[in-house]
Amino acid sequence: MTTVVLAGPAGESAHDGGPHPESPARVVAAMKGVHDLHLGSDLVTVDVGPASREDLARVHSLRYLDELEAFSGRGGGALDPDTFVTSDSWDAACRAAGAGLAAVAELERRRDGVGFVAARPPGHHAVRSRGMGFCLLNNVAVTAASLVAGGARVAIVDWDVHHGNGTQEIFWDEPAVLYISTHQSPLYPGTGRPDEIGGARARGKTVNIPLPPGATGDVVSLAFSEVVAPAVDSFVPDWILVSCGFDAHRADPLAELALSSADFAALAATVQQLAPCGGRTVLFLEGGYDLQAVRRSTASTIGALVGDRTFPEDPTFGGPGADAVRAATMLRERALSEVDKECSGGGSLDAPHTGSRGAPTTRLRSDW
Amino acid sequence: MSVPRLIAVGYDGSADSVAALRWGAEIASTIGARLRIVHAVGLLEHAGLSGRCSPHEQAATDVACRVGLDIAQVEWRVRDGEPAAVLRRETLGDDAADLLVVGTRGAGAHGGGTLGSTSLDLAQTATVPVVVVAG
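Going down the list, the protein sequences come from chains R and A. In this text, residue positions in the first sequence follow our numbering: the first is 267, and each later residue adds one. In this text, residue positions in the second sequence follow our numbering: the first is 4, and each later residue adds one.
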């Protein structure tokens with residue numbers, strides 16, 4: 267049986283914003299899901315320490331890190347209408363950012379297994395210079411950047427219901443990182459169009475597949491088989507990191523996709539087939555705000571990776587979105603081919619935004 | 004810079020955003036531009052969990068009309084998303100805004116520094132001029 271390397275819990279009591287859906291109870295629910303599998307000696311728990319400043323500075327500006335630490339030190343407050351900071355948020359965020367590094371270190375030592383990071387606050391909305399969308403530090407990006415610094419190629423698969431604008435922005439122009447997202451659209455944060463394909467040095471290394479509200483598991487699986495798998499296959503990563511939000515579950519209060527816990531298991535199984543030899547796959551808890559759904563989805567997802575196929579819910583079918591998957595594929599291919607044409611013909615692209623370190627909005631001069 | 008034809012104002016009901024709206028409406032009225040009032044819906048507001056009343060179209064358009072702008076020149080638009088991303092999108096494609104107007108500090112934001120600052124983000128990343136109006 268595959269060994270599960272569990273990094274966590276982290277954030278199971280700290281960074282508590284009171285009546286807020288991004289609560290410590292989320293990590294508790296995920297941990298219950300892990301323990302529901304009764305993995306025994308196949309579950310290895312690693313200690314989680316804070317990410318170092320060097321680790322954090324690979325993906326965040328020093329100014330932002332200083333301001334966030336100071337703001338938390340003063341007791342915190344509201345970063346924006348969605349995102350809170352408390353007096354212990356800085357320490358909690360640093361631990362959450364360090365958890366992925368701990369998982370990778372253990373997987374490298376063992377040369378086998380799969381990692382699961384049960385940590386919060388989540389990270390994929392945090393851009394280089396700002397936290398937002400419940401996220402303070404970009405956990406998956408910290409781990410990916412550390413791996414890239416060591417010479418690895420990293421694929422990040424993001425199936426959270428929201429687009430990971432922070433991860434996309436941070437690696438917008440990084441050819442050693444492939445970022446792929448399925449997400450509901452329209453929805454916060456409003457980014458993640460198919461024609462957002464990466465910066466000049468990393469054209470095609472950003473892949474976005476927006477899905478309509480109501481999309482079911484068969485639609486997301488279609489996106490994985492038609493877009494995600496070929497993209498990862500051709501990229502040939504050394505590591506696969508998964509931004510593993512469970513807020514695409516039909517019970518989630520913050521969004522309108524319609525997946526069940528069994529659907530996440532199917533996605534995890536697809537990722538496992540794409541994984542490089544010797545494991546090298548780490549799943550990071552991102553969103554997911556219905557506690558029962560988080561528990562069930564965690565158990566199903568990790569269960570699929572270790573060969574446990576007992577799912578408490580049935581897979582879902584019949585929702586809208588198959589056309590959206592095909593349209594996204596066509597739009598992306600059109601964008602890539604037009605970029606090729608414009609580059610070879612001396613045409614110009616809209617300049618990428620650079621103020622927030624390459625905001626991911628480079629697109630062709632067209633109406634889409 | 005040519006004279007703006009469409010001004011987009013970020014609006015969340017905060018005092019600063021009302022000031023931005025009033026300024027944008029006055030400019031639009033003076034130069035004969037259209038005004039688009041844009042409200043970005045965040046994670047909590049989308050789910051009805053924000054604990055605040057969502058900004059109301061009537062209240063916003065009233066502010067614009069009180070400074071003399073013709074109601075026919077005012078458009079109300081609500082979009083899911085992070086405010087800076089939503090406003091950047093308003094500057095793309097057909098019928099794109101050619102001037103953005105925002106307040107210095109939106110609803111729910113903390114009181115100092117640049118953490119979470121939509122106005123700073125836009126000032127650094129927008130491809131059209133941005134006016135930041137102090138409340």
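For each residue, glycine too, the CB sits at the ideal point set by N, CA and C.
Per DSSP, the bridge partner or partners of residue i
i      : result
A:R39  : A:A11 and A:E78
R:C510 : R:L551
R:I422 : R:Y445 and R:L507
A:V104 : A:V12 and A:V134
R:L272 : R:T311 and R:F382
R:Q538 : Partner(s): none; R:Q538 has no beta bridge.
R:C401 : R:M398
R:V393 : R:R396
R:A434 : Note on residue identity: the sequence assigns Gln, not Ala, to residue 434 of chain R. For R:Q434, which the question treats as bridged, DSSP gives no partner whatsoever.
R:L525 : R:H515
A:D83  : A:V44
R:Q450 : R:L477
Per-residue burial, residue i [other beta carbons within 10 Å of its own, 16 or more giving buried]
i      : result
R:E599 : exposed
R:F382 : buried
A:I74  : exposed
R:V485 : buried
R:R377 : exposed
A:V12  : buried
A:A62  : exposed
R:P285 : exposed
R:C401 : buried
A:P86  : buried
A:G35  : exposed
A:D124 : buried
R:P519 : exposed
A:S120 : buried
R:R329 : exposed
R:M398 : buried
A:D15  : buried
A:A137 : exposed
R:E372 : buried
R:H281 : buried
A:V6   : exposed
R:R546 : buried
R:D556 : buried
R:H326 : buried
A:V105 : buried
R:A594 : buried
R:R340 : exposed
R:V502 : exposed
R:R292 : buried
A:A23  : buried
A:E93  : buried
A:H59  : exposed
A:R39  : buried
R:S491 : exposed
Report the residues of the segment 79 to 106 of chain A with a CB closer than 9 Å to any CB of chain R, ordered along the chain. R82, D83, G84, E85, P86, A87, A88, V89, R91, R92, L95, G96 and D97
Taking 8 Å as the threshold, find out whether the segment 557 to 573 of chain R comes into contact with the segment 443 to 460 of chain R through three or more Cβ pairs. no
Under 8 Å: do the segment 64 to 78 of chain A and the segment 538 to 545 of chain R share three or more Cβ pairs, one atom per stretch? no
At least 3 beta-carbon pairs within less than 8 Å: the segment 463 to 470 of chain R vs the segment 509 to 520 of chain R: no
Would you list, in sequence order, the uninterrupted beta strand (DSSP E) runs of no fewer than 3 residues that lie entirely inside the segment 14 to 71 of chain A? 37 to 44
Could you tell me which uninterrupted beta strand (DSSP E) segments, each at least 3 residues in length, are contained entirely in the segment 310 to 369 of chain R, listed from first to last along the chain? none
Mind checking the segment 33 to 50 of chain A against chain R and listing, in chain order, the residues whose C-beta falls within less than 9 Å of any C-beta there? A43, V44, G45, L46, L47, E48, H49 and A50
Could I get the ranges of all uninterrupted alpha helix (DSSP H) runs contained in the segment 574 to 607 of chain R, with 4 residues as the minimum, in chain order? none
Contact list for the segment 443 to 459 of chain R against chain A, Cβ threshold 7 Å: P452, L453, Y454, P455, G456 and T457
Which residues, in chain order, does the segment 393 to 412 of chain R contribute to contact with chain A at a C-beta distance below 9 Å? V393, S395, R396, G397, M398, G399 and F400
If the cut-off is 7 Å on Cβ atoms, which residues from the segment 512 to 532 of chain R count as contacting chain A, listed in chain order? P519 and L520
Chain A contacts made by the segment 335 to 354 of chain R, where a contact means CB separation under 9 Å: A336, F337, G342, G343, A344, L345, D346, P347, D348, T349 and V351
Complete runs of the beta strand (DSSP E) confined to the segment 455 to 496 of chain R [at least 3 residues]: 472 to 477
Check whether the segment 297 to 307 of chain R touches the segment 407 to 419 of chain R, counting contact only when three or more Cβ pairs, one atom from each stretch, lie closer than 8 Å. no
Given 8 Å, three or more beta-carbon pairs between the segment 362 to 370 of chain R and the segment 304 to 324 of chain R: yes
Would the segment 354 to 362 of chain R count as touching the segment 387 to 397 of chain R if we require 3 or more Cβ pairs under 8 Å? yes
Interfacial residues, the segment 51 to 74 of chain A to chain R, with Cβ spacing under 7 Å: L52 and S53
Could you pull out every unbroken alpha helix (DSSP H) segment of at least 4 residues lying fully inside the segment 278 to 314 of chain R, listed in chain order? 291 to 301
Using a Cβ-Cβ cut-off of less than 8 Å, list which residues of the segment 416 to 446 of chain R approach chain A; keep chain order. H428 and N431
Please confirm if the segment 575 to 586 of chain R is in contact with the segment 421 to 439 of chain R, defined as three or more CB-CB distances below 8 Å between the two stretches. no
When the Cβ atoms of the segment 47 to 57 of chain A are set against those of the segment 518 to 535 of chain R, are three or more pairs found closer than 8 Å? yes
Using Cβ-Cβ distances below 8 Å, what residues of the segment 17 to 29 of chain A are close to chain R? none
Which residues, in chain order, does the segment 286 to 312 of chain R contribute to contact with chain A at a C-beta distance below 7 Å? P287
Would you check if the segment 586 to 600 of chain R and the segment 472 to 483 of chain R touch, i.e. whether three or more CB-CB distances between them fall below 8 Å? yes
Contact the segment 495 to 503 of chain R vs the segment 443 to 454 of chain R: 3+ CB pairs below 8 Å: yes
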